[in-house]
Structures are given as C-alpha cells and as structure tokens.
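In the working numbering, the protein residues as written are 3 to 134.
All C-beta atoms in this analysis are idealised placements derived from N, C-alpha and C, irrespective of residue type, glycine included.
For clarity, every value in this text was computed on a predicted model and none was experimentally measured.
Contents: one structure, followed by commentary.
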C-alpha cells in the first residue's frame, strides 16, 4: 500500500497524542493507495493492548465501503516496545486476512518508528511502508 506523507503523519501524531496508551485506527485504500485514516478510540485505554468498540468498528468499516474503498490496514502503536507484532497482534490478525498491520513505535525517549506487516496464518512478513 502507498500512503501519502500527510496520512502517515496523522497516524504518528495519533500515536504520540495517545501515549502512554496504545492508539488504534484503520486506513482506507483505493487501488492500492491509502486515501483516508480513521482514528479509533482505544476502549482498553492501555499501554499494552487496544480494543475498538464493535459499533465504532462497524460504522467505520461501513463508511469506508460506502466511500468505494476497502480496509487496507489496521494501525496501532507500541508504547513500550519495538514496532513488531506481539502474539496478541498475531492472534487478532487471524480475523483480518490480507490486511496490513501498521505499528508505530513511540517508546519514551525515541523517535517514532513506523513499520508495516502482513500477518497470515500466524506468519509475520514485513512489508515496505511506501510513501507517496
């Protein structure tokens, strides 16, 4: 997926704003390019995990589809560790095959680091974050 710098900056800003808790949200894509970022509320309000209210998730996904787009990525932050999928992320990804997982590392005292992964059948594959 290609993502414009301003959309990527919005994801990083969300991660920084919600720290020390994890942030979360979704990225809408059309023709392989990100077209919108949809921040979500982390109802867990935790530095270790994220949860999205089912109604908020449904409304966001419906809005993405109504706009002629599809869900291209789910993003969240890691506030105390490297931006690499945890076992919790791997388990959650089982419900979202083919969707990228953008993780923003915002550990205290470090610059934000953005990485993206495909997680299929428990196999983690890093994919390039294509700015553009």
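Next item on the list: Identify, in the order they occur along the chain, each residue of the same chain with its Cβ nearer than 8 Å to the Cβ of residue 105, setting aside the five sequence neighbours on each side.
Entry: 77, 78, 79, 80, 85, 86, 87, 91, 116, 117, 118 and 119
Next item on the list: Tell me where the alpha helix (DSSP H) around residue 17 begins and ends.
Entry: 7-20
Checklist line | Cα-Cα separation, residue 98 to residue 111 | finding: 32 Å
Check: What's the C-alpha gap between residue 136 and residue 31?
Finding: Absent from the structure is residue 136, since the part of the chain shown begins at 3 and ends at 134.
Next item on the list: Starting from the Cα of residue 50, find the closest Cα among 39, 109 and 96 and give me that residue.
Entry: 109
Checklist line | Best match in 44, 93, 82 and 129 for proximity to residue 28 [C-alpha to C-alpha] | finding: 44
Item checked: DSSP-derived helix/strand/coil call for residue 101 -> coil
Check: Going by beta carbon distance, what residues of the same chain come within less than 7 Å of residue 14, once the five residues before and after it are set aside?
Finding: 106, 114 and 116
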